[in-house]
Amino acid sequence: RERGVGAVIAGAGGAAHLAGMAAAMTTLPVIGVPVRSKALSGLDSLLSMVQMPSGIPVATVAIDGAKNAALIAVSIFALTDADLADKLEAFRRAQAEKVLASQI
227 RERGVGAVIA GAGGAAHLAG MAAAMTTLPV IGVPVRSKAL SGLDSLLSMV
277 QMPSGIPVAT VAIDGAKNAA LIAVSIFALT DADLADKLEA FRRAQAEKVL
327 ASQI
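Next comes the structure, spelled out in structure tokens:
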């Protein structure tokens, strides 16, 4: 917090200890990104992150979901930053328009 950090995004594979350790060491929001691995295609990482004990939360996104992790962090910051909230809303509208304009 003293350095201006508002959230932690932790990408990890295998047993994926990084996100859990970060969450145990801070009260900042921690967003875990399970990384695809050879052995179990990232399922081991996903399960490790979503099964954190009560009281040590890790918000977890899909395997290799770094983009959504960043968007969650932006959503958190937008709670207290109106300019950022406007930009996030514009981004989401543009995404929706792109989908609606696509040919299926």
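For the sequence shown, my numbering begins at 227 and goes up steadily by one. Where a beta carbon is used, it is the ideal one built from N, C-alpha and C, also for glycine. Every value quoted in this text rests on a predicted model; they were computed, and no experiment measured them.
In DSSP terms, what residue i is bridged to
i	result
proline 260	Ala238
threonine 286	Gly258
Buried or exposed (CB count within 10 angstroms, at least 16 for buried), residue i
i	result
leucine 244	buried
threonine 253	exposed
glycine 281	exposed
proline 279	exposed
Span separating the alpha-carbon of residue i from that of residue j
i	j	result
alanine 248	valine 284	9 angstroms
valine 330	alanine 292	The displayed chain sequence assigns isoleucine, not valine, to residue 330. In a straight line, the C-alpha of isoleucine 330 is about 26 angstroms away from that of alanine 292.
phenylalanine 317	alanine 296	13 angstroms
arginine 262	phenylalanine 303	28 angstroms
valine 287	valine 300	14 angstroms
Proximity test, residue i beta-carbon vs the ligand ZN heavy atom, cut-off 6 angstroms
i	result
serine 274	Annotation note on the ligand ZN: not contained in the displayed structure, which lists no ligands.
Residues near residue i by beta carbon distance below 8 angstroms, same chain, minus five either side
i	result
alanine 241	Asp270, Ser271, Ser274
Same chain, Cβ closer than 6 angstroms to residue i, neighbours up to 5 away in sequence not counted
i	result
valine 234	Ala248, Leu254, Val256
Given residue i as reference, the closest of the options once Cα atoms are compared
i	options	result
arginine 227	Met251, Ala238, Ala236	Met251
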